[in-house]
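Q: Take this structure first; my questions come after.
2 protein chains.
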Amino acid sequence: MKFAVLARCLLLFLAATAIARAEDGYRLWLRYEPVADEALRAAYTQALGRVSFDLPEGMAWSPTLITAVSELQTGLSGLLGRKVVIDTVAESLAQPVPGGDDAYSIRLEQGSVSRVVIAANRDVGAIYGAFALLRQLQTARPVAELDGLAGAPRIKRRLLNHWDNLTGTVERGQAGHSLWKWFELPEVVDPRYVDYARACASVGLNGTVLNNVNANATILTEPYLRKVAALANVFRSYGVRVYLTARFSAPKEIGGLPTADPLDPAVAAWWKDKVDEIYRHVPDFGGFLVKANSEGQPGPQDYGRTHAAGANLLAGALAPHGGVVIWRAFVYSHEAPDDRHKQAYSEFTPLDGSFRPNVFVQVKNGAIDFMPREPFHPLFGAMPRTPLAPELQIAQEYLGGALQLAFLAPMWKETLDSDTFCAGAGSTVARVVDGSVDQHADSCIAGVANTGDVRNWTGHPLAAANWYAFGRLAWDHSLSSETIADEWTRMTFGNDATVVTPVSAMLLASRETVVNYSMPLGLHHIMAEGHHYGPGPWVAKSGRPDWTSVYYHRADERGVGFDRTAAGSNAVAQYRPEVAQLFGDPARCPEKYLLWFHHVPWDRPLASGRTLWDELALRYQSGVEGVRGWRQAWAAVAGRIDHERHAHVEQLLRRQEKDAAFWRDGCLLYFQTFAKRPLPAGVEPATQPLDYFVNFRLQYVPGDPAMR
Amino acid sequence: MKFAVLARCLLLFLAATAIARAEDGYRLWLRYEPVADEALRAAYTQALGRVSFDLPEGMAWSPTLITAVSELQTGLSGLLGRKVVIDTVAESLAQPVPGGDDAYSIRLEQGSVSRVVIAANRDVGAIYGAFALLRQLQTARPVAELDGLAGAPRIKRRLLNHWDNLTGTVERGQAGHSLWKWFELPEVVDPRYVDYARACASVGLNGTVLNNVNANATILTEPYLRKVAALANVFRSYGVRVYLTARFSAPKEIGGLPTADPLDPAVAAWWKDKVDEIYRHVPDFGGFLVKANSEGQPGPQDYGRTHAAGANLLAGALAPHGGVVIWRAFVYSHEAPDDRHKQAYSEFTPLDGSFRPNVFVQVKNGAIDFMPREPFHPLFGAMPRTPLAPELQIAQEYLGGALQLAFLAPMWKETLDSDTFCAGAGSTVARVVDGSVDQHADSCIAGVANTGDVRNWTGHPLAAANWYAFGRLAWDHSLSSETIADEWTRMTFGNDATVVTPVSAMLLASRETVVNYSMPLGLHHIMAEGHHYGPGPWVAKSGRPDWTSVYYHRADERGVGFDRTAAGSNAVAQYRPEVAQLFGDPARCPEKYLLWFHHVPWDRPLASGRTLWDELALRYQSGVEGVRGWRQAWAAVAGRIDHERHAHVEQLLRRQEKDAAFWRDGCLLYFQTFAKRPLPAGVEPATQPLDYFVNFRLQYVPGDPAMR
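Chains as they are written, first to last, in my numbering: chain H, 1 to 708; chain Z, 1001 to 1708.
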């Protein structure tokens, strides 16, 4: 074989392999590649002759400020290819920055040697200011924008919730095992913990609940508290505080008490001692997250006590230390025959006003469970005397896990921007949550993390955008999805417009596409049992009726959908009249929520002029076609981004198209048994009979609790 | 705060963090850093003006050769900092290279443009030759050594056995989850699979059993065979063939048959069809590994048939395709009251000669179970008509898992170099295994892998040395532990003698150190139940007597140890007389095996002149002191290797010292209750009472089958 010929085949082969790959995704959006635009780089270099931090006296020596300096040094070295002098201002101006503890403001001082000054009220503001400055350079913003750049979070506690088990599995996690290596801790402290805290801080997150809400009391034992402390020690200088889930029966399980009754003085004393012990290990411990009397978890109702009694028990122990309780409202009773949609509201609204001040009630975005689309939860706006903390899900439990593209900012915005009308028009969920509607001093938002120990953190390379987006929205819920997608894409793939434009467009379209191929027009909870990855509209038997699919879609020969109007479960009555009238009227109800609130005849004409059946079928088809379109768009950016991430996403999109078609075919064949109508033109017929889909079994799906 | 002061504290901080870390261990021993010695690099550059492959006609276009060229290109680019022209010789000399399919030989042709020629009989030999050439440069060997460098493996099948479950857990694995992402496959093909195959090929491994010997028939279903095929497609060009474990009851579990009786014609037909199906997916499939009628696994004895009947059933199906069966001899009966040490021998030796030619019997190095030290298994040399495949364990199930340093080459060499005397003096285990004693044409060796999906593959950075060492010994069992340790250290940390010398010394001492602090003087199987990580000499109740510790150490007021002489279980009689006489005589028995074969009085004087009790206590103490010494040695290389790996190992060694002291204290306190003698001078007393150690519970230890 001649060399020339060999060389030609090598070209292809070498492109596919490399011993040291540059882009394994580990760096997330903090890549700090050199600024590609020469003129812009020169302008940045000129402006950033020096960077000074301006903090009140006494803050200057903290590990947090040192961390801010270090991050800035690392970032600017990469972006500008040179070391930048970083110092603190000689004489602090000590002018307060508007916006509180976490706020920062940046000014640009032009001169013979220009400098940028980052001012903050506390050292942690220096961290956020440093990352904001770096983001400007990473996204190629004009130099002039640096002057006057300022930020302050609208919500005080911005948390990730990790559903990580002590065994290392992650409930609903598909990005590998847990990041927390409990067996090695506290002696072995993985450097990855630093990079986790860095990533969180870079998007404004300031707290992390380390373990699963389906809790294990072992985390509260002394050996584990030492491990937790080792993590907290790493996170502290990034302003990230540690929280834990508390298993309500811990006093019995690890405390040796005969009861966990919240009104038992011995139980209260045990929790007080335990909390004191925790604060000895972790002086800045954030507090407890609790799932109680929900899906089999123990709770105060085991003793005939209310959720408020349970939450107040823990809040009392935490209050002297400044800790909080985050008590989940995700409850639905075994016995209650009522629409599951209504149960949290029914159970919690009577308790409004009876919680201690350091209790948050954590409410999922919608009333069922992280579906691809839900109308906002009726609890928002219905508990004015209680701070409510939204629980969003970054892990895509019902949106394809770590294998499917679904950028979630539009979904979260849909909830946050919903108007509850609780204090008149403009009382959005976001304003309820940030405390501005009801004048709450403290505020909190949580996202169930999509992280794991795979090299790129989130499995799907594009799923990192959801971690990023959650942090950015937690900081400022007024940001648009478009802005966030643009930022993340630039930071992740560079500023080449021929990449940024199509990739951002894919991200922005993706959630609606997933809705279309899985649960369009307000359909919900029709996924397969257990793993939740694929379709299962035929699921009719389960541990309880409201774990089936037929409970939710109620398809019959007349039509499909859950009647939640006054003629049905009347869940709409839990909303304010303005909302209830909108959702409750099939003629006015937004089509995206139609089958959520109404049982609609197959032949009812929709806005498109098409019948419900035809529209439904075409939505499924459009979902599949959406993924197909991304595959083309993605193919077109080949060569403009690194091969490794490109190939990975390419493979994932191929899988997603296959899975989308599976959803379409399974659901349409199933609903067709009721609708008894042909597929409209343009909808590809299934290549397998319904039985194939019904009998198909995915095994060993990561994140399935059965694999715990 | 002034910049100078800030800068000083930054120095420390920046050393501890970096956004893009160069040395996360992912590259293993294939780092290809530039040759540090300028003169040597110049000499290499001169000699490697060009590299040519010399292969028989027809081999030149194969993906395997292209892979070899690619690896060489990548490696030389890194080592020499320039591209080297690589081609094939214009006219193949087609002179056979001694040593068979995998062999290579290298010659150096000096001239105006010097070149190196790598000759091989088959394309896979080009891979091994390429990695051998690179190893020379990585370890800074003189240029002249290139000429005449040649290699040929002594054993044909060199396998890793992965005890990986389809759930993603790894039995006895502590380096994260399984490398195989079954849920993503076959659509998503992790580039890491390429790097896995590359690492295997670089040390001469040519086969991999993907799944756990505690088997799951699902791997043999069509969806999983498609996933297996995707992996095999990646591994193929590196010469790595895929094998699977076969669950003996698969015909019932996935085949719908009422029986798995090996003599049932329908069962035989099912296996034939299944094997044909496998070969349609994986044309170069290697064969089956089977654990049958052992620790609850199904097998032929469920139907009153022998292991030979079971193995021959599968071998018959595989034979037409060239596949093999590897049938494990790790069996011990629930009912058999005999010394567990004796049972595999008793069960298998009568079957010698009754296996089909394509069956290997896979035998652990010792008769119990991968203890830190075992005398060689008496089956070696006792089944001349059956090729025996040693099963070694790279994962350190009983040697501290992924948290403790234990370089295993000396342990494996101890077994391989043991003389069985089966065909006279010099009939070492290695020569039995490589086929030279009994003239077997095929040969096989397997190591239970220590890999997982953590970034550095093996958890402990130094544990990669065991993967490396297993491959090198599988290729050439005559290599010394010293040579292997030296090679690996140079390839992993560079050629600085002030690093290589102390790190190699640590490696070489480590296994004996672990033996000393855990099971010295022939003690065995006295570990904690379940996870096997810590001490448990007090374990007296378990699922069966031979899962307890007291069964093995038999401590009483007279002494300690298992009498396996004629006066006891007479296990020594399973060895040839030369060996039996040595092991059976307490005066001649090597002290390292003393308590394995003898119940020895506490006051018996040993070679040191000390009593058994004093010697035992001092051995435990010396184990702890050994680890302490490494900590000092490791601290001394700080700054000479990258911070990240240094800090990681430093933390691990601190943990190991703590764990070693725990072993020492727990075991000595326990044995002291029988010996009733004081600790000799120099042995540190325990700081906790015996109860503390007995009641100590480690929870959620990775790799514990209870966490499956």
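C-beta atoms are modelled at their ideal positions from N, C-alpha and C, and glycine is treated no differently.
#1: If we call anything under 7 Å between Cβ atoms a contact, is Z/L1403 one with Z/L1669?
#2: Assuming the contact rule is C-beta atoms closer than 8 Å, H/A406 and H/S481 should be a hit. Round their C-beta distance to whole Å, please.
#3: Can you give me the start and stop residues for the alpha helix (DSSP H) that Z/P1223 sits inside?
#4: Between H/R21 and the rest of its own chain, which residues show a CB-CB distance below 6 Å, the 5 nearest in sequence each way excluded?
#5: Return the first residue and the last residue of the alpha helix (DSSP H) that H/Q393 is part of.
#6: In this structure, how does DSSP classify H/R41 when only helix, strand and coil are distinguished?
#7: Closer than 6 Å by C-beta to Z/N1312: which residues in its own chain qualify, once you throw out the five before and the five after it? Chain order, please.
#8: Considering just the uninterrupted stretch of the alpha helix (DSSP H) at Z/E1414, what are its terminal residues?
#9: Taking 7 Å as the CB-CB limit, is Z/L1652 close to chain H?
#10: In the segment 1211 to 1225 of chain Z, which residues sit with their C-beta less than 7 Å from some C-beta in chain C, listed in chain order?
#11: With three or more beta-carbon pairs closer than 8 Å as the criterion, would you say the segment 1272 to 1291 of chain Z touches the segment 1239 to 1258 of chain Z?
#12: If distances are taken between C-alpha atoms only, which option among Z/T1451, Z/F1662, Z/V1550, Z/A1469 comes closest to Z/D1195?
#13: Can you say whether Z/E1091 is buried or exposed, counting buried as having 16 or more other CB atoms within 10 angstroms of its CB?
#14: So what's H/G75 in DSSP terms, helix, strand or just coil?
#15: Assuming Z/A1329 contacts Z/L1379 under a Cβ cut-off of 8 Å, what Cβ separation, rounded to an integer in Å, is found between them?
#16: Is H/E644 close to chain Z? Criterion is C-beta to C-beta, closer than 7 Å.
#17: From the DSSP output, which residues share a beta bridge with H/Q581?
#18: Might you give, ordered along the chain, the residues of its own chain that have their beta carbon closer than 7 Å to the beta carbon of H/G168, omitting 5 neighbours on each side?
#19: Contact criterion: CB-CB distance below 7 Å. Does Z/E1187 meet it with respect to chain H?
#20: Between H/A617 and H/V683, is the Cβ-Cβ spacing less than 7 Å?
#21: Name the chain Z residues whose beta carbon is nearer than 7 Å to that of H/E743?
#22: Among H/L479, H/T513, H/T548, whose alpha-carbon lies nearest the alpha-carbon of H/H525?
#23: Are there three or more Cβ pairs, one per stretch, closer than 8 Å when the segment 1093 to 1112 of chain Z is compared with the segment 1147 to 1163 of chain Z?
#24: Three-state secondary structure (DSSP) at H/G316?
#25: On the DSSP letters alone, give me the boundaries of the beta strand (DSSP E) that H/N466 sits inside.
#26: Evaluate H/E239 with the Cβ neighbour count: other Cβ atoms within 10 Å of its Cβ, from every protein chain shown; 16 or more gives buried, anything less gives exposed.
#27: Could you name the residues of the same chain whose beta carbon sits closer than 7 Å to that of Z/E1657, not counting the 5 residues immediately before and after it, in chain order?
#28: According to a CB-to-CB cut-off of less than 7 Å, which residues of the segment 690 to 706 of chain H neighbour chain Z?
#29: Nearest-angstrom Cα distance between Z/T1483 and Z/W1634?
#30: For H/R21, name the three-state secondary structure that DSSP assigns.
#31: Which residues share a DSSP beta bridge with H/V189?
#32: Taking DSSP's pairing of strands, which residues face Z/I1118 in a bridge?
#33: Does any residue of chain H bring its CB to less than 7 Å from the CB of Z/L1166?
#34: Hey, quick one: how far does the alpha helix (DSSP H) through Z/F1348 stretch, first residue to last?
#35: Considering only DSSP beta bridges, list what Z/C1667 is partnered with.
A: According to the structure shown:
#1: When the beta-carbon positions are compared, Z/L1403 and Z/L1669 stay at least 7 Å from each other.
#2: About 13 Å separates the beta carbon of H/A406 from that of H/S481, a gap too long to meet the 8 Å contact definition.
#3: Here the alpha helix (DSSP H) through Z/P1223 covers 1222 to 1235.
#4: Because the pLDDT of H/R21 is 48, which lies under 50, any placement of that residue in the model is unreliable, and the number read from its coordinates should be weighed accordingly. Only E644 meet the Cβ criterion.
#5: Counted as a single uninterrupted DSSP element, the stretch harbouring H/Q393 is not any alpha helix (DSSP H) but the beta strand (DSSP E) occupying residues 388 to 393.
#6: H/R41 falls in the helix class under three-state DSSP.
#7: Once the five neighbours on either side are set aside, the close Cβ partners of Z/N1312 are R1356.
#8: For Z/E1414, the enclosing alpha helix (DSSP H) starts and ends at 1409 to 1416.
#9: For Z/L1652, the nearest beta carbon of chain H is closer than 7 Å to its own beta carbon.
#10: The chain labelled as chain C is not found among the protein chains of the depicted structure, namely H and Z.
#11: Touching, yes, given that three or more Cβ pairs across the two stretches are closer than 8 Å.
#12: Relative to Z/D1195, the option among Z/T1451, Z/F1662, Z/V1550, Z/A1469 whose CA is nearest is Z/T1451.
#13: So Z/E1091 ends up on the exposed side.
#14: Three-state DSSP puts H/G75 in a helix.
#15: Right, their Cβ atoms sit about 6 Å apart.
#16: With 7 Å as the cut-off, H/E644 counts as an interface residue toward chain Z.
#17: Per DSSP, none; premise fails for H/Q581.
#18: So the list reads H177, S178, once near-sequence residues are dropped.
#19: Closer than 7 Å to some Cβ of chain H, the Cβ of Z/E1187 qualifies, so yes.
#20: A contact, by the Cβ cut-off of 7 Å.
#21: This structure cannot speak to residue 743 of chain H, because chain H is shown only from 1 to 708.
#22: If we check each option's Cα against that of H/H525, H/T548 comes out closest.
#23: Output reads yes: the segment 1147 to 1163 of chain Z touches the segment 1093 to 1112 of chain Z.
#24: It is helical.
#25: Element bounds for H/N466: not the beta strand (DSSP E) but the alpha helix (DSSP H), 464 to 475.
#26: Per the sequence shown, the amino acid found at residue 239 of chain H is Gly instead of Glu. With 16 or more other Cβ atoms within 10 Å, it is buried.
#27: Answer for Z/E1657: V1624, V1627, R1628, R1631, listed in chain order.
#28: Under the 7 Å Cβ criterion, the segment 690 to 706 of chain H contributes Q699, Y700, V701, P702.
#29: Each residue's alpha carbon lies about 21 Å from the other.
#30: The pLDDT assigned to H/R21 is 48, lower than 50, so where the model puts this residue is not dependable; a value taken from the coordinates is nonetheless given after this. H/R21 falls in the coil class under three-state DSSP.
#31: None; H/V189 has no bridge partner.
#32: Partner(s): Z/F1053, Z/I1106.
#33: Yes, because at least one Cβ of chain H sits closer than 7 Å to the Cβ of Z/L1166.
#34: Unbroken alpha helix (DSSP H) run through Z/F1348: 1340 to 1348.
#35: None, per the DSSP bridge assignment.
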